[in-house]
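Asker: Just passing along the structure, written as structure tokens.
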Amino acid sequence: MLVLLRSTRRSSSSSSSLRHGVLLVFLPLPAGSLPPSSLPPPFYLHTSPATLPKIVPPFLPLGPVERKKMVDSISNWFKSGTVPAAPRPLWKWTVDADVDRICGVLALGEVGMDSALSALGVRLNEECVLKVLRAQREVLPALQFFDWAGRQRGYRHSRNCYHAIFKMLSRARLMTVMLDWLERFSNRRPDVFVVRFHDTLVMGYSIAGRIDVALQIFSRMRFQGIDLDGFAYNVLLNSLVEEGSFDVFNVISKQAGARGLRNSITSCIQIRCLCKQGKFDDAKEYLRGLGDAANESVVSVLIDGLCKAHKHAEAERLVREFRDAGKLSRSLTCTTWIVDLVREGKVGIAMDIFRRNGRLGTGDFPGLSCYNALICGLLKESRLEDVYDLLIEMSERNIVPDSYTMNATIGFFCKAGMVDVAIELFDDRFAVGLSPNDYSYNQLINALCENSRIDDAFRVLEDGLKQGYFPGKWTFHILGEALCRNGKLEKMFSLFDAALERHIVPSHGICSRFIAALCRAGRADDAYLLFTKLKKPENDDYMYTYSDLIYGFSAINRGETASRLLLEMVVNGHSPSRGVYKAVIYCLSEGGNQDKVLKFLDVIRNSCQTVNLRHVYNSLIDGAVSVGQPHLASQIFERMLADDCSPNLDTKISMLHCYLRRRRISDAINFFVDLLENQEPSAKLYNAMITGLCEASKIDMALLFWKEAREKGIVPKLDSYEALIHVLCETQKYHIVVEVLKDFEQAGRSPSSYIYNILLCHALKSVELTRAWFKSAGGDLQMGVTTFCRFFNAFATGDGTKGLPILSENLGELIEELFPVNTITYNMLLRALCREGKVDDACNWVNRMRESGHPPNMWTYDILINGFRRYGRLRDAEVWMDEMLQKGYNPCLIDSYRRYRVLDQQ
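Residues in the sequence shown are numbered from 387 upward in steps of one, following our numbering.
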């Protein structure tokens, strides 16, 4: 039985001011009271009790047979709370027959539902309408039926019917719809067909949280000499307690008492009012003054209030006092303490008390409410084994589960990794009597997303939306992220539309992910529309979202829109990265149209007074150089100088790259000399000059600047040495390579894998590089202490007469010790081994590659296939070719396929 109203939002105002709270319809019986579902089950349930199968923790995914057995057991247990309907004769008209026909039409959900209902020709009365509303689990069909029934001739909705629809709307949290219905109802003129018109309005507005309107209607009733009945008084009083309007409560409570409308429910509300004000002594005095009217429900309200205020000693004395007087059962005492301990997070102590009472075997054992509280607490601590033990114990004791137990069971299976069982129970919810709540919806969606079952998760969401459910903040984030990650953008749009319909603005993080997913899918226009819809003026944390949109429009060659977004980004105080500028410049200057970039620069200069122009100029110059537009970079640099915006070192280095890439070597040298006159020489400047000259194949000039830097005591960066060694080896100037290597060692730098791969490649081609190294050492072939000495000593066995070095036995092991090898290194070794006919050794090295975490690539297979072909081992070549095809490599891209096919045809 449900007796009181409880608010889901508590006002912080004083008793003199009223706030619009959102209320639930009913409050369950106070903690400790036993609902009807915890009483001994009817006789027909004892004949075949539902028993859950034992499963062994840890909970692992079940096979099809085990899962089917588990689902059947749970379903039978859930169905045990449904009393089978007595058979009725088909020839006799009953209200239930009309209810079944109406529910059948509502279940179809047809567009022409009004005409389908009218075609039934049913006899409407209060009993029929109430039964239809109670049978509906979805709000929309119930509202459609209620609206249709109110328009039928010869029938008017009673107060009980309105209260039933208000109850359904409040549980679905559709307060806006409820207020609309109340407004429509209040605009109607009460007549003889509407019973207790004003009572209905007072209760409706109280449930909807509009206490001020409810009090206005109540005062109008009293002025007209009309009064509320006892039930309406209780609804209004409970709403006043939830709003904290204690002064108004005292006045109306006295009026209800003066009219003899007080009952045990009113006493519960009175004690709750005193407990909320902290007047526990007055509450105890009031309770003792009730005398014989103080039943378990009334006492339990005070006990619960004391426990919530952490007055456990007083609660214990009160329990002992009323239990000795015979007004409290042992089960109520135990249940009250257990529920309170679970509420405070002391689940372990609550479990100990629960087990001790269970071992006494008195038959007066805590019922369903106690089990539900423990299951909830254990689920929060993820103590899944204990939860399942409690579920089995409930089935063995024939305790009929209620909706709370069913939803907790769904949450248990989700947390235990048995989401298949949970989703099957959810799909069979109408048959087993399951009415999912927010907890079970959230757990199901989270578990399905974790198992990459995104379609099932969205199907659960759609069902929940029909029931008035909307995912919580964390569940919304998990589902939205999963939908974006899997490219299900249309479903993501549906989720966002549902949020906006409920005036819920998704978090900035999930909005950014959705916009980025749309941009990656080439739907930049949709992403921008969503951005404008969700953007808040007071929130400027949109830098990465702007970047995603700019990249998205640049990818579809919408340079005008991308530049406009970049301008808006700069105006809002963000600092775009150079990659963003590069994308816009590349899109605008495509086809040689560089004027658009210059116009964009003018717009930024004229629109942004506080912008860092140096950063803008630097980014534009760097972007122009990166996209291969050095002439554009020169024009931007000239404008920068004309604006008296002094360039910094990054700008100057970008201009050096610009001159060098345009092959304007003399301008680059003059610019470099001017830089050295105006500032201290640095490694960054020399590094840019040396690498740029190497790219332009000006090796002699690069060497001159390298020597100049070394004479000034400047050590160029690693990429300068890499560029020098690469071009010198390519031009076979090995004696200079040796000079650079020795300087590299003296500078104390650690060589990179790139340098070693270059040296290995040329050392395997000829003996000239090795010979140049030992010639510089005066012909000393002793093992050196440096890594370069150890490297070249590995090739000392070459006699120099054949033109190629002879590989030593431990060359591969030595190279692996010298530097971090990569796939390129292994491929060069394989090529050398195949060249010397050591094809089997090459195969062994392929296995070694895999073990070291370097899987073979297309060129690895090409080397092996050519090696086996060269020595006539066509069968082995065919095996490697098949493996290459299985890996997904395209053999048409390399020469080995053509050679292999020609040889195969021969």
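C-beta atoms are modelled at their ideal positions from N, C-alpha and C, and glycine is treated no differently.
Computed from a predicted structure; not experimentally measured.
Run through DSSP, which three-state label would Y541 get?
Answerer: Note: Y541 maps to coil in three-state DSSP.
Asker: Using the Cβ count rule (16 or more neighbours within 10 Å means buried), how would you classify P1206?
Answerer: P1206 is exposed by the Cβ-count criterion.
Asker: Would K478 be called buried (16 or more neighbouring beta carbons within 10 Å of its own) or exposed?
Answerer: Low confidence applies to K478: its pLDDT is 36, below 50, so where it sits in the model is not reliable, and the reading given next is rough at best. Label assigned to K478: exposed.
Asker: Which class does T1117 belong to by DSSP, given the choice of helix, strand or coil?
Answerer: In this structure, T1117 counts as coil in the three-state DSSP scheme.
Asker: Measure the C-alpha to C-alpha separation of S821 and S592 and round it to an integer number of angstroms.
Answerer: So the two alpha carbons sit approximately 26 Å from each other.
Asker: Near L1046, which residues of its chain fall below 6 Å by C-beta distance, leaving aside the five closest residues on each side in sequence?
Answerer: A1054, G1078, A1082, listed in sequence order.
Asker: Helix, strand or coil for A817? Go by DSSP, reduced to three states.
Answerer: In the structure shown, A817 sits in a helix (DSSP, three-state: H, G or I).
Asker: Can you give me the Cβ contacts of R1217 inside the same chain, cut-off strictly under 6 Å, excluding the 5 residues immediately before and after it?
Answerer: Cβ within range, chain order: I1249.
Asker: I'd like the span of the alpha helix (DSSP H) that includes Y932, first residue to last.
Answerer: 929-941 is the extent of the alpha helix (DSSP H) around Y932.
Asker: Quick one: any contact between the region 651-671 and the region 615-632, if contact means 3 or more CB pairs under 8 Å?
Answerer: Yes, the region 651-671 is in contact with the region 615-632.
Asker: Classify M804 as helix, strand or coil using the three-state DSSP reduction.
Answerer: M804: coil per DSSP, three-state reduction.
Asker: For G873, I'd like the list of residues in its chain whose CB is within less than 8 Å of its CB, leaving aside the five on either flank, ordered along the chain.
Answerer: So the list reads A903, A907, once near-sequence residues are dropped.
Asker: Rounded to a whole number of angstroms, what is the C-alpha to C-alpha distance between T947 and L953?
Answerer: Each residue's Cα considered, the two are about 10 Å apart.
Asker: Helix, strand or coil for P527? Go by DSSP, reduced to three states.
Answerer: Three-state DSSP puts P527 in a helix.
Asker: For W1159, which residues of its own chain have a beta-carbon under 7 Å away from its beta-carbon, when the five flanking residues on both sides are left out?
Answerer: So the list reads V1124, F1178, once near-sequence residues are dropped.
Asker: Our contact map puts V457 next to V807 with C-beta atoms below 8 Å; I'd like the distance itself, whole angstroms only.
Answerer: Rounded, the Cβ-Cβ distance is 6 Å, consistent with contact.
Asker: Could you give the distance in angstroms between the alpha-carbon of V983 and the alpha-carbon of N832?
Answerer: In a straight line, the C-alpha of V983 is about 47 Å away from that of N832.
Asker: Find out if the Cβ-Cβ distance for the pair V891, L915 is shorter than 9 Å.
Answerer: In this structure, L915 does not lie closer than 9 Å to V891 by Cβ.
Asker: Under the three-state reduction of DSSP, which class applies to L476: helix, strand or coil?
Answerer: Low confidence applies here, because L476 scores a pLDDT of 36, under 50, leaving its location unreliable; read the following figure in that light. Coil at L476, not helix or strand.
Asker: Tell me whether F1158 sits in a helix, a strand or coil according to DSSP, three-state version.
Answerer: Here residue 1158 is Ala; the residue named in the question, Phe, does not match the sequence. Of the three classes helix, strand and coil, the one that applies to A1158 here is helix, per DSSP.
Asker: Within the same chain, show all residues whose beta-carbon is closer than 7 Å to that of Y937, passing over the 5 residues directly before and after it, in chain order.
Answerer: The answer, listed in chain order, is C905, A969.
Asker: What is the C-beta distance between V627 and F604, in whole angstroms, given that I count them as a contact (C-beta under 8 Å)?
Answerer: Actually they are not in contact, since the Cβ atoms of V627 and F604 sit about 16 Å apart, beyond 8 Å.
Asker: G630 lies in the alpha helix (DSSP H); which residues open and close that run?
Answerer: That residue, G630, is in no alpha helix (DSSP H); it is neither H nor E in DSSP.
Asker: Looking only at C-alpha atoms, which of E730, G731, C756, R729 sits nearest to R741?
Answerer: If we check each option's Cα against that of R741, C756 comes out closest.
Asker: Give every residue of the same chain whose Cβ lies closer than 6 Å to the Cβ of F939, excluding the five residues on either side of it in the sequence, and list them in chain order.
Answerer: Excluding residues within five positions, the ones whose Cβ falls inside 6 Å are A910, T947, A948.
Asker: Under the rule that 16 or more other beta-carbon atoms within 10 Å means buried, what is Q1168, buried or exposed?
Answerer: The predicted model places Q1168 with a pLDDT of 47, which falls under 50 and marks its position as unreliable, so this point remains unresolved.
Asker: Do you know how far the Cα of D775 is from the Cα of W463?
Answerer: Their backbone Cα atoms lie some 15 Å apart in a straight line.
Asker: What is the DSSP secondary structure of Y812, counted as helix, strand or coil?
Answerer: First, the residue type needs correcting, since residue 812 is Phe and not Tyr in the sequence shown. F812: helix per DSSP, three-state reduction.
Asker: Among the candidates Y1212, S933, T1173, I655, whose CA atom is the shortest distance from the CA of V685?
Answerer: Per the Cα distances, I655.
Asker: Contact between the region 664-678 and the region 630-643 is defined here as three or more beta-carbon pairs at a separation below 8 Å; is this criterion met?
Answerer: The region 664-678 vs the region 630-643: no contact.
Asker: Do you know whose CA, among P1241, S683, I597, I840, lies nearest T721's CA?
Answerer: Among P1241, S683, I597, I840, the Cα nearest to that of T721 is on S683.
Asker: Nearest to V1002 by CA position, among A759, M955, R453, R1050, is which residue?
Answerer: It is M955 whose Cα lies nearest to the Cα of V1002.
Asker: In angstroms, rounded to a whole number, what distance separates the CA positions of V637 and S631?
Answerer: Cα to Cα, V637 sits roughly 10 Å from S631.
Asker: Helix or strand or just coil, what does DSSP make of V1002?
Answerer: It is helical.
Asker: I'd like the span of the alpha helix (DSSP H) that includes L647, first residue to last.
Answerer: Segment: none, L647 is in no alpha helix (DSSP H) and carries neither H nor E.
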